[in-house]
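If you read the sequence shown in the working numbering, its first letter stands for residue 2, the second for the next number, and so on. The beta-carbon is built from N, C-alpha and C at its ideal position, and this holds for glycine as well. Predicted, not measured: the structure shown is a model, and the values here were computed from it.
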Amino acid sequence: MIRLKTSAQIQAMREAGKITGEALLLAGEHVKAGVSTKYLDDIVRHHIEKRGAKPSFLGYGGFPGSACISINEEVIHGIPDANRILQDGDIVKIDVGAFFRGYHGDSANTFYVGNVAPDTKRLVEATKESFYRGLEMVNANYRLGDVGAAIEGHVTQFGYTVVREFVGHGVGSELHEDPNVPNYGVPGHGFRLRPGMTIAIEPMVCAGSAKVRVLSNKWTVVTVDGSMAAHYEHTVALTEDGPILLTKVD
2 MIRLKTSAQI QAMREAGKIT GEALLLAGEH VKAGVSTKYL DDIVRHHIEK RGAKPSFLGY
62 GGFPGSACIS INEEVIHGIP DANRILQDGD IVKIDVGAFF RGYHGDSANT FYVGNVAPDT
122 KRLVEATKES FYRGLEMVNA NYRLGDVGAA IEGHVTQFGY TVVREFVGHG VGSELHEDPN
182 VPNYGVPGHG FRLRPGMTIA IEPMVCAGSA KVRVLSNKWT VVTVDGSMAA HYEHTVALTE
242 DGPILLTKVD
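The structure is reproduced here in structure tokens:
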């Protein structure tokens, strides 16, 4: 069941979203060679708790970190580890959630570690661009299929693929709510978008095959062919005046 939010509820979600965005931005500022993923996770947790919120991911389904931190061919759900050290040329995906006064925010970005190869940068840029192509479809004239088709259509022109086993989702009092928000679709199909919907749009894009697998830790999702992957996400509210990025901070 899709839970439409009132303007007051969306305003409350702005607060959770702001804390989420702040934590993600702060972690990104500390991304550099020699830093461990656990160090970045500690930064995220400290900021969220300092703001009076709780890390949405910590303990969720047994997840041991406050952020999902994934490197290179790891797509999503990387577990922070003091022994996992960032290296020059890596790309690192940081996914953050914060729960504040009854609502969640959820946001992710892909960051460069030092000197990243130009073709890898192109992947990261295309992934972010595809989010905004999808966002253009977030109004009451379109359906979820239009959002997914816009995302996939943008990245496939570069020869990239979108992950199909994992998708975006509704966000609210629960971290994952209806509806599912795939990064692929058929224009004109799927649930019609309505004001009051709050969704996480999160392109997960691979440089090679879209096939992924879950590692033995039962969390980390990696590309089967070892190709690089990028991730970009915001929590979005559809209002009568159009979409609002609840997790975007300047």
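Item	Value
How would you call ASN142, buried or exposed, if buried means at least 16 neighbouring beta carbons within 10 angstroms?	exposed
What's the gap between the Cα of ASN116 and the Cα of ASP89?	6 Å
Please return the same chain residues whose Cβ sits closer than 6 Å to the Cβ of PRO196, not counting the five positions on each side in sequence.	LEU239, THR240, GLU241
Please give me, in chain order, every unbroken run of the beta strand (DSSP E) with length at least 3 that falls completely inside the region 33–86.	68–72, 75–77
Which value, in whole angstroms, describes the spacing of the CA atoms of LYS212 and VAL223?	9 Å
Measuring CA to CA, which of ALA230, VAL148, SER131, PRO244 is closest to GLU74?	ALA230
Taking only runs of the beta strand (DSSP E) that begin and end inside the region 85–163, which ones reach a length of at least 3 residues, in chain order?	92–101, 104–113
Which of the three DSSP states, helix, strand or coil, is assigned to ALA238?	strand
My parser needs the beta strand (DSSP E) runs of 3 or more residues fully inside the region 153–225; what are they?	169–171, 178–182, 199–202, 205–207, 213–215, 222–224
Work out the CA separation of PRO180 and GLU166 for me, nearest whole Å.	15 Å
Please report the straight-line C-alpha distance between ALA24 and GLU16, rounded to a whole angstrom.	13 Å
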